[in-house]
Amino acid sequence: MLILSSKLIALDTIEMKLRNTYISQTVVPGQFIHIHVAGHMLRRPISVANADPEGTTITIVFKIIGSGTAKLAEYQPGMMIDALGPSGNGFDLNQKEGSTVLLIGGGVGVPPLHYLGRTLARKNVNVISILGFQTARAIFYEKQFNQFSTTYIVTNDGTSGSKGFVTDVFPDVGDFDCYYTCGPLPMLQAVTKQLSHKEGFISLEERMGCGVGACFACVIPTNDGDGYRKICQDGPVFDAKEVQL
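Numbered by the numbering used here, the letters in the sequence shown go through residues 762 to 1006 in order.
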């Protein structure tokens, strides 16, 4: 994939625009690409934040949290990236026109919800978004979410938006038919517990081995006692009641 642009958009957060005809025209919200970084054995799974099939581009957003993503952040426009995808199963998009969905994102769990929200809004679905970050300097895509949703910002330290956690905003958002969430595991646990009475879907962030379901490195137990699901192949999106967090 050809890198068209790469820029810092928030604290330790990089946005890259990439060109690939096949992926841009087939990827659905919630799927990811599996990127090889020079000098590192394991590929990095990174969710797609947006896709433009007519322009044959996709956008990814990732946070610098280790040597692999630090190396990837050094890549410049004009360079090529070795990436596999689109991988995994995406979000359920079967929402009725006029229905209302709640998107709940935390940190680097925000990007796949951006692509999802834009897609649902085009289907005349009402979108409400709660985006949680550690601090104001870490916030990204607030303006983009405001283009298609009613958006609430939450920061742990209160430097922007509401102070606290994404779950603290639930009383303010009103009624909704379904929720979608992606973010750190403690956040997903809190969200699914408080919204257990609602239909919902979760997207899991997980380090992976092969990324194609062969190595069993990224498994999660099911709630029905039917064994395990592979996050890379069966997920990363699951029904909120399907797996044990």
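All residues carry an ideal CB built from backbone N, CA and C; glycine is no exception. All values reported here derive from a predicted model rather than from experimental measurement.
Point to revise | 3-residue-minimum beta strand (DSSP E) runs that sit fully inside the segment 890-949, ordered along the chain | key: Entirely contained in the segment 890-949, the beta strand (DSSP E) runs reaching 3 residues are, in chain order, 911-916, 939-943.
Check your understanding: Any idea if M762 is buried or exposed, counting beta-carbon neighbours within 10 angstroms, 16 or more meaning buried?
Key -> What you label residue 762 is simply residue 1 of the sequence shown in a count that begins at 1. By the 10 Å Cβ count, M762 comes out buried.
Review point. Going by Cα to Cα distance, which pick from S860, G867, G922 is closest to K884?
Key: For this step, residue 884 is matched to residue 123 along the sequence shown. Looking at S860, G867, G922, the one whose alpha-carbon comes closest to that of K884 is S860.
Exercise for review: Locate the beta strand (DSSP E) running through V822, then write down its first and last residues.
Suggested key: Translated into positions along the sequence shown, residue 822 becomes position 61. V822 -> beta strand (DSSP E) spans 818-824.
**Study point:** Local conformation of S860 per DSSP, three classes
**Key:** Taking the sequence shown and counting its residues from 1, the one referred to as residue 860 is at position 99. In the structure shown, S860 sits in coil (DSSP, three-state: anything other than H, G, I, E or B).
Review point. Hey, S704 and T912 are a contact pair by Cβ (cut 8 Å); roughly how many whole angstroms apart?
Key: Residue 704 cannot be examined here, being either before or after the span of the chain that is shown, 762 to 1006.
Exercise for review: Leaving aside the five residues before and after M840 along the sequence, list all residues of the same chain whose C-beta is less than 6 Å from its C-beta, in chain order.
Suggested key: The residue you call residue 840 lines up with position 79 of the sequence shown. Around M840: I764.
Review point. Using the beta-carbon count (16 or more within 10 Å), is Q792 buried or exposed?
Key: Within the sequence shown, the letter at position 31 stands for residue 792. The residue in question, Q792, is buried, as its Cβ has 16 or more Cβ neighbours within 10 Å.
Point to revise | Beta-carbon proximity list for A1011, same chain, < 7 Å, skipping 5 on both sides | key: The question about residue 1011 has no answer, for the chain in this structure spans 762 to 1006.
Review point. Do you know how far the Cα of I963 is from the Cα of F999?
Key: Position 238 of the sequence shown, counted from the first residue, corresponds to residue 999. Position 202 of the sequence shown, counted from the first residue, corresponds to residue 963. For F999 and I963, the distance between alpha carbons rounds to 5 Å.
Check your understanding: Given T928, which residues of its chain have a CB within under 7 Å of its CB, disregarding the five upstream and five downstream residues?
Key -> Indexing the sequence shown from 1 puts residue 928 at position 167. So the list reads A951, V952, Q955, once near-sequence residues are dropped.
Review point. Buried or exposed: where does H795 fall if 16 or more other Cβ atoms within 10 Å of its Cβ makes it buried?
Key: What you label residue 795 is simply residue 34 of the sequence shown in a count that begins at 1. Using a 10 angstroms sphere on the CB of H795, the tally of other CB atoms reaches 16 or more, which defines it as buried.
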